[in-house]
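**Q**
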Amino acid sequence: MLRIDLFADVVCPWCFLGSERLERVLAALGRPAEVVHHPFMLNPNTPEAGDDIPARLQRKYGVPPEQLWARLEAEARKSGLELDLSKQRLSYPTARAHALLRAAEAKGTQRALSRSLYRAFFQDARNINDPAVLADVAAGHDFGADEVARITADPEALGKARDEARAAAAAGINGVPFFVFDERVAVAGAQQEEVLRQAIAQADATAGQNPEQDPEQDPEQDPEP
Numbered sequence: 000m001l002r003i004d005l006f007a008d009v010v011c012p013w014c015f016l017g018s019e020r021l022e023r024v025l026a027a028l029g030r031p032a033e034v035v036h037h038p039f040m041l042n043p044n045t046p047e048a049g050d051d052i053p054a055r056l057q058r059k060y061g062v063p064p065e066q067l068w069a070r071l072e073a074e075a076r077k078s079g080l081e082l083d084l085s086k087q088r089l090s091y092p093t094a095r096a097h098a099l100l101r102a103a104e105a106k107g108t109q110r111a112l113s114r115s116l117y118r119a120f121f122q123d124a125r126n127i128n129d130p131a132v133l134a135d136v137a138a139g140h141d142f143g144a145d146e147v148a149r150i151t152a153d154p155e156a157l158g159k160a161r162d163e164a165r166a167a168a169a170a171g172i173n174g175v176p177f178f179v180f181d182e183r184v185a186v187a188g189a190q191q192e193e194v195l196r197q198a199i200a201q202a203d204a205t206a207g208q209n210p211e212q213d214p215e216q217d218p219e220q221d222p223e224p
């Protein structure tokens, strides 16, 4: 079965789009795949109470955030994803969400949980740093409330999520989403669906060869918060 390693952060809008584009490609191809999500933290120092997204974007780029959101929202519509990025005003720490996603891999619900977390954050404007919110989101993915409370308060589980995120950055992943197809073909950014289809075909065609190195960086990705 095709394995796809996906490095992403659940508060990254390009990651949401990239993940949805991947799902559309796999569905169109009728291709079974194991999609494994790996932690990446756009801003490990985000305050517990959240960071004001519009204010941060205004400071960083010097333009109204709506100008930045418009292009991403238009790209999302091309892939059937309705996004209104003005709905979610705050970005939150994601260590708890990543710890939960890591635990979901053993249950076989990681892929579906990741989509639910994106929707909860971007479309429902929920605080995905809140254990109660995480318990509610994870309830449909084989998690009980007590289990979510334990995972999201476990220093070891949180530490492992942070360590994996740091390791990804140390390995040279400086923007997300970042896809690796069958450990051979790497694709950076929320690429168009055709690019993802080509990457799958290339992974199939290069089975047994050395992995591709240094993927071209794409502007449709989040290099930082």
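Counting from 0, one number per residue, gives the positions in the sequence shown under numbering that gives the first Met the number 0.
Just so you know, even glycine gets a beta-carbon here, dropped at the ideal spot from N, CA and C.
Rounded to whole angstroms, how far is the Cβ of L71 from the Cβ of A96, which I believe are closer than 8 angstroms?
**A** Incorrect: roughly 21 angstroms between the Cβ atoms, too far for contact.
**Q** Please find out if some non-hydrogen atom of the ligand NAP comes closer than 8 angstroms to the beta-carbon of D51.
**A** Looking for the ligand NAP in the displayed structure turns up nothing, as the structure carries no ligands at all.
**Q** For D50, I'd like the list of residues in its chain whose CB is within less than 6 angstroms of its CB, leaving aside the five on either flank, ordered along the chain.
**A** If we look at D50 and ignore the five residues flanking it on each side, its Cβ neighbours are S90.
**Q** State yes or no: is the C-beta of D4 within less than 9 angstroms of the C-beta of E182?
**A** For D4 and E182, yes; Cβs fall inside 9 angstroms.
**Q** If you draw a straight line from the alpha carbon of T108 to that of R76, how long is it in whole angstroms?
**A** Whole-angstrom Cα-Cα distance: 26 angstroms.
**Q** Please confirm whether M40 and D83 have their CB atoms less than 9 angstroms apart.
**A** Cβ atoms of M40 and D83: not closer than 9 angstroms.
**Q** With V34 as the anchor, note down where its beta strand (DSSP E) starts and where it stops.
**A** A32 to P38 is the extent of the beta strand (DSSP E) around V34.
**Q** Could you pull out every residue in the same chain whose Cβ sits closer than 6 angstroms to the Cβ of G17, ignoring the five residues on either side in sequence?
**A** Closer than 6 angstroms at Cβ, skipping near neighbours: P176 and A189.
**Q** With R183 as the anchor, note down where its alpha helix (DSSP H) starts and where it stops.
**A** Premise fails: R183 is in no alpha helix (DSSP H) and is neither H nor E.
**Q** Can you name the start and end residues of the alpha helix (DSSP H) that R70 belongs to?
**A** Its alpha helix (DSSP H) spans residues P64 to K77.
**Q** Can you name, in chain order, every residue of its own chain whose Cβ lies under 6 angstroms from the Cβ of P92, other than the five neighbours on each side?
**A** For P92, where only same-chain residues beyond five positions count, the Cβ hits under 6 angstroms are T45 and N128.
**Q** Which of the three DSSP states is assigned to I3 in this structure?
**A** If DSSP states are grouped into helix, strand and coil, I3 belongs with the strands.
**Q** With 16 other CB atoms within 10 Å as the buried threshold, where does P222 fall?
**A** At P222 the pLDDT is 40, less than 50, meaning the model places this residue with poor confidence; the figure from the coordinates comes in the next sentence. Exposed is the call here.
**Q** Which residues does DSSP pair with V179 in a beta bridge?
**A** Note: V179 sits in a beta bridge opposite D4 and A185.
**Q** If I follow the unbroken alpha helix (DSSP H) through R125, where does it start and stop?
**A** Counting along the chain, R125 falls outside any alpha helix (DSSP H), and DSSP gives it neither H nor E.
**Q** Using three-state DSSP, classify L89 as helix, strand or coil.
**A** L89: strand per DSSP, three-state reduction.
**Q** Return the chain-ordered list of same chain residues with a C-beta closer than 8 angstroms to the C-beta of F121, the five sequence neighbours on each side being excluded.
**A** So the qualifying residues of the chain are P12, F15, L82, L84, K86 and Q87.
**Q** Would you give the residue range spanned by the alpha helix (DSSP H) that Q191 belongs to?
**A** No alpha helix (DSSP H) holds Q191; DSSP gives it neither H nor E.
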